[in-house]
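Residue numbers (the numbering used here), protein chains in the order written: chain A, 1 to 301; chain B, 302 to 664. Heads up, the beta-carbon is just placed ideally off N, CA and C, and yes, glycines get one too. See structure below.
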């Protein structure tokens, strides 16, 4: 019995060491998150309720004016435009990214590494520089137009740059890897027997996709959608560079408020609006996932 | 309905450089339980996948119910497969899994419900219809996989090692259930396994496969008692093999030397003088005699020493080292004449068998 006691004691001593290590790790992570994520958000939140001042940026005079101003139709229009851009960008990424991810996941393993590398290479260069590269491609005397003119497909240069299409192209180009990678992760885990089973049971390719592949890769679709949609809402340099001054979006609006208009409280208010909106989306997704888990648990019981 | 439900004519298949299947011919009769038996990589699963349409043959033609289906995709073949991994759809309930094939065939809703419920009753899963596959045990998942296939009333049910993931007792039960189900439905079963016991106990016919070709196709009794060659003899069950040469032969008899003793056996396979052969005897066909049981040593008795005694409840397995230093296995059954099977290790014994129970195979 004595032996057993000391054994158990030793075990608990080990646990204690282990748990203090765990505490340190958790503390570091939480303080990091608090200092670099929570504090800036809190500062923005506070600023959004203060009054702008031309001489000292902000004065401590609490007000709700920044938020009431948001219901101005000009701002709402920008919000809708941003939503429209983000939605089209996400849909395009999904339409392009899904077959891409599917092909990578189903290719031979030695090709797979290369294809994944091709997806990741853009990360090695700053996205700002890559956006300038796109400008070089699509501008009036750019590479695309030169080639198309040379082979006689067009007779006048296509006015792509500084259009809505250019902005959309830039966003899709920049965010596509964020769609492909989670999708790839999900499709790769899919048991190929399931596809064969569906085929064996009489399902054609489309049915197999709709009834088996899409539902099973839904977590990847949702993750990719969030990863593309949320940044697309606040993209600011791509609309500036590729859209010219024509397409004002939420990201540009915030940038303007902070840097040009010197209206920090207004910029903060718009930022908070977006933060709340995105938070709500993530919460919705999380709630949905959780309720499904609960449902499964109840069925099990 | 054709009597030959499936026919493979001159079918072969390569994967890259690897020859998975040599050119083979195989005819499967309607309503039979046929097993493709062999070690991994022998091509048994390839045959199954060729029949199902999941693979296309490099050469040859496949006929199902009299029609050449070589170029048909799997979804048009009206066969169903039970996968080794079960391949149940994890996002669907048991009911939805089973109904999947019927929905693909656009069968009326009320008929789907009827047929699914009927099959659920047969496989005893009615209560679990609304569960997801991950809430089921291995045996239950297995039954769902079978139900999902047979609910479509396929011409042939293809089963790819369906019992290999189950533990021993459950596997035994499922063997019986599968056999009963097959009798009840009257559907042709093509069953792939590497387990020879499973193959012998369940099948009407067994195709013993090795390195991409069929070594022997016959009833379980045929392949066990009259193996076509040494590979089949050694793969199916255990056997003792004596390598030797034919001393003299004529149409009726063949004379060989086994362990320095001359034996004259019936010449069933037309063996010729000086031909290299193997004399094979099953352990259960060997009789082991103790010193006191043997009055006068007859010519056909091989002397040896007991090296190991393995007690297995209803039988005792003996490992006997013969004088030539060859080890042989003998299985002794407990019976009324021979109650005491308490052999001692190192004990001197004599081994023989009833002439005619040996199988002589050319090398």
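- Under the Cβ distance rule, residue 289/A does not count among the residues neighbouring chain B, no pair being separated by less than 7 Å.
- The beta carbon of residue 135/A sits closer than 8 Å to the beta carbons of 142, 161, 241, 242 from its chain, once the five residues preceding and following it are set aside; these are given in chain order.
- Approximately 6 Å separates the beta-carbon atoms of residue 451/B and residue 486/B; this is inside 8 Å, confirming the contact.
- Taking 7 Å as the cut-off, the Cβ atoms of residue 198/A and residue 212/A count as close.
- Residues are counted here when their Cβ sits less than 8 Å from a Cβ of chain B; for the stretch 190-216 of chain A these are 191, 193, 194, 196, 197, 198, 199, 200, 201, 202, 203, 204, 207, 211, 212, 215, 216, given in chain order.
- The CB of residue 401/B comes closer than 8 Å to the CB of 198, 201, 203, 211 in chain A, given here in chain order.
- With a threshold of 7 Å between beta carbons, residue 467/B makes no contact with chain A.
- When DSSP states are grouped into helix, strand and coil, residue 111/A belongs to the helix group.
- Listed in chain order, the alpha helix (DSSP H) elements of length 4 or more contained wholly in the stretch 473-525 of chain B are 497-503.
- For residue 376/B, the residues of chain A that pass the 7 Å Cβ criterion are 199, 202, 203, 204, in the order they occur in the chain.
- Cβ contact annotation for residue 448/B (same chain, cutoff 6 Å, sequence separation greater than five): 399, 420, 424, in chain order.
- Under the three-state reduction of DSSP output, residue 382/B falls in the strand class.
- Nearest to residue 219/A by C-alpha distance, out of 194/A, 233/A, 183/A, 253/A, is 183/A.
- Residues of chain A whose Cβ lies closer than 9 Å to the Cβ of residue 391/B are, in chain order, 191, 194, 216.
- In the displayed model, residue 544/B falls within a strand according to three-state DSSP.
- Contact with chain A is absent for residue 309/B, since none of that chain's Cβ atoms lies less than 7 Å from the residue's Cβ.
- Residue 524/B and residue 368/B have their C-alpha atoms spaced approximately 31 Å apart.
- With fewer than three CB-CB distances shorter than 8 Å, the stretch 121-133 of chain A does not count as touching the stretch 254-270 of chain A.
- The C-beta separation of residue 530/B from residue 553/B comes to about 22 Å, leaving the pair out of contact by the 8 Å criterion.
- Annotated three-state conformation of residue 234/A is helix, per DSSP.
- Listed in chain order, the positions of the stretch 404-422 of chain B with a beta carbon within less than 7 Å of a beta carbon of chain A are 405, 406.
- For residue 387/B against residue 443/B, the beta-carbon gap comes to about 6 Å, under 8 Å, which counts as contact.
- A distance below 7 Å separates the beta carbons of residue 361/B and residue 312/B.
- Within the model, the alpha-carbon separation for residue 29/A versus residue 381/B is close to 53 Å.
- One finds 193, 197 in chain A with Cβ atoms closer than 7 Å to the Cβ of residue 384/B, taken in chain order.
- Residue burial annotation: residue 174/A is buried, with at least 16 other C-beta atoms found within 10 angstroms of its C-beta.
- Straight through space, the alpha carbons of residue 215/A and residue 431/B are spaced by roughly 18 Å.
- Excluding five sequence positions before and after residue 598/B, the CB atoms of its chain that fall closer than 7 Å to its own CB belong to 651, given in chain order.
- Only residues of its own chain outside the window of five on either side were considered, and among them 619, 621, 644, 645, 646, 647, 648, 650 have a CB closer than 7 Å to the CB of residue 607/B, listed in chain order.
- Residues of the stretch 331-363 of chain B with a C-beta less than 9 Å from any C-beta of chain A: 350, 353, 354, 355, listed in chain order.
- If you look at residue 330/B, you'll find it in the beta strand (DSSP E) that goes 319-330.
- Among the residues facing chain A, residue 388/B is included, as its CB has a counterpart in that chain under 7 Å away.
- Around residue 453/B, the beta-carbon contacts reaching into chain A at under 8 Å are 201, 202.
- If you check the CB distance, residue 375/B and residue 344/B do not come in under 7 Å.
- Taking residue 481/B as reference, the option from 462/B, 504/B, 495/B with the minimal CA-CA separation is 504/B.
- Counting other Cβ atoms within 10 Å of its Cβ, residue 549/B stays below 16 and is therefore classed as exposed.
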